[in-house]
Amino acid sequence: MRFWLAFSCFFRLLFFMKLPAAAARYLPADALPKGLPEPDADAPAAAAEPAAAEPAAAEPAAAEPAQPRRPPANAAELRREGALALLGLFQREGRLVDFLQEAIDDYDDADVGAAARDIHRGCKKALDDHVRLEPIMPGNEDDTVTIKPGFDPGEIRLSGDVSGEPPFTGVLRHHGWRAVEVNLPVLGDQVDRSVIAPAEVEIG
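So the sequence shown is residues 135 to 338, counted in my numbering.
In structure tokens form, the structure reads like this:
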């Protein structure tokens, strides 16, 4: 019952800025504020825990656990808007979405290659203008590298015959990329982020 009373005190103070009446039993007589209602003599907490059995020093306020830091409530929405903004830039500069939505089975390789060159040029411009990248691992592909203990599996993906504990020695197949700076356009509150590219209508 002491646990439940402490739990109740915490949230009553947090939301209503006052203690429950049953808490008065555990306070010294000279510490009771004026107007605090007397605890209910029939309450279960009073019958189970007499005042003499639990001095006030046994329940210090400092024992309240620290609350973990919570991420912003709109974090998922911010990630979604960033992804849509980047996709919109690729469409605007390189017509990437048009290309991916197009059925290319009937086109020959030369036509696809010519289109891909223009798309590559436009998308690279969008990426260079708004995201600064750096390799995760230094060196060139096919270089021999050593993976030390404590590496981050999110940054380095191991393949092949992986057994035992690091250090591991292997061949660098891709140096990876890390975004070190992102500068996406800021849109107004009235802009629909889900519009990747507006419809185009020619009049006249």
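Beta carbons are placed, not taken as given, at the ideal position from N, Cα and C, and that holds for glycine.
For clarity, every value in this text was computed on a predicted model and none was experimentally measured.
*Where does Q235 land, buried or exposed, given buried means 16+ other C-beta within 10 angstroms?*
Residue 235 sits at position 101 when you count from the first residue of the sequence shown. Answer is exposed; the Cβ neighbour count stays below 16.
*C-beta contact flag for I337 and L218 at 8 Å*: By one-based count along the sequence shown, residue 337 stands at place 203. By one-based count along the sequence shown, residue 218 stands at place 84. Using a Cβ distance threshold of 8 Å, I337 and L218 do not count as a contacting pair.
*Do the region 300 to 319 and the region 272 to 290 touch if we need at least three Cβ pairs shorter than 8 Å?*
With the cut-off at 8 Å, the region 300 to 319 and the region 272 to 290 touch.
_Within the region 198 to 261, ranges of the alpha helix (DSSP H) (whole runs, at least 4 residues)_ = As summarised for the region 198 to 261, the continuous alpha helix (DSSP H) elements at least 4 residues long and confined to that stretch are 209 to 228 and 230 to 235, given in chain order.
*Identity of the residue in D240, L220 and D245 nearest A260 by Cα*: In the sequence shown, residue 260 corresponds to position 126, counting from 1. Closest by alpha carbon: L220.
*Which residue comes first and which comes last in the beta strand (DSSP E) that contains E289?*
Taking the sequence shown and counting its residues from 1, one reaches residue 289 at position 155. Premise fails: E289 is in no beta strand (DSSP E) and is neither H nor E.
*In terms of residues, what are the limits of the beta strand (DSSP E) holding R266?*
Along the sequence shown, one-based indexing puts residue 266 at 132. In the DSSP assignment, R266 falls within the unbroken beta strand (DSSP E) covering V265 to P269.
_Under 8 Å between C-beta atoms of V314 and R255_ = Reading the sequence shown from its first residue, position 180 is the one you call residue 314. Reading the sequence shown from its first residue, position 121 is the one you call residue 255. No, the Cβ-Cβ distance between V314 and R255 is not below 8 Å.
_Local conformation of I281 per DSSP, three classes_ = In the sequence shown, counting from the first residue as 1, residue 281 sits at position 147. I281: strand per DSSP, three-state reduction.
_Continuous beta strand (DSSP E) stretch holding R327: start and end_ = Here residue 327 is taken as the residue at index 193 of the sequence shown, counted from 1. Counting along the chain, R327 falls outside any beta strand (DSSP E), and DSSP gives it neither H nor E.
*In this structure, what does DSSP give as the bridge partners for E315?*
In the sequence shown, residue 315 corresponds to position 181, counting from 1. For E315, which the question treats as bridged, DSSP gives the partners R266.
*Quick one: using the 10 Å Cβ neighbour count with 16 as the cut-off for buried, is G284 buried or exposed?*
Within the sequence shown, the letter at position 150 stands for residue 284. Exposed: under 16 other Cβ atoms inside 10 Å.
*Are F224 and A249 close, meaning C-beta to C-beta below 8 Å?*
Here residue 224 corresponds to residue number 90 of the sequence shown, with the count starting at 1. Here residue 249 corresponds to residue number 115 of the sequence shown, with the count starting at 1. Not in contact: F224 and A249 (Cβ atoms no closer than 8 Å).
*Using the Cα positions of P319 and A333, report the straight-line distance between them to the nearest angstrom.*
By 1-based counting over the sequence shown, the position of residue 319 is 185. By 1-based counting over the sequence shown, the position of residue 333 is 199. Whole-angstrom Cα-Cα distance: 20 Å.
*Determine the burial state of L227: buried for a count of at least 16 other Cβ atoms within 10 Å of its Cβ, exposed for fewer.*
Here the question's residue 227 lines up with position 93 in the sequence shown. Before going on, a small fix: residue 227 reads as Glu here, not Leu. By the neighbour-count rule (16 or more Cβ atoms within 10 Å), E227 is buried.
_Going by DSSP in three states, G294 sits in which element: helix, strand or coil?_
In the sequence shown, residue 294 corresponds to position 160, counting from 1. G294: coil per DSSP, three-state reduction.
_Cα-Cα separation between D240 and V246, rounded to whole angstroms_ = To locate residue 240, count along the sequence shown from 1; it is residue 106. To locate residue 246, count along the sequence shown from 1; it is residue 112. The alpha-carbon atoms of D240 and V246 are separated by roughly 10 Å.
*To the nearest angstrom, report how far apart Q324 and N317 are at their CA atoms.*
Position 190 of the sequence shown, counting from 1, holds the residue named residue 324. Position 183 of the sequence shown, counting from 1, holds the residue named residue 317. Cα atoms of Q324 and N317: separation of roughly 20 Å, rounded to the nearest angstrom.
_Just to confirm before moving on: does the CB-CB distance between W311 and I270 stay below 8 Å?_
Counted from its first residue, the sequence shown places residue 311 at position 177. Counted from its first residue, the sequence shown places residue 270 at position 136. Yes; because the gap between Cβ atoms is below 8 Å, this pair is in contact.
_What does the Cβ neighbour count give for L321, buried or exposed, with the cut at 16 atoms within 10 Å?_
For this step, residue 321 is matched to residue 187 along the sequence shown. Counting other Cβ atoms within 10 Å of its Cβ, L321 stays below 16 and is therefore classed as exposed.
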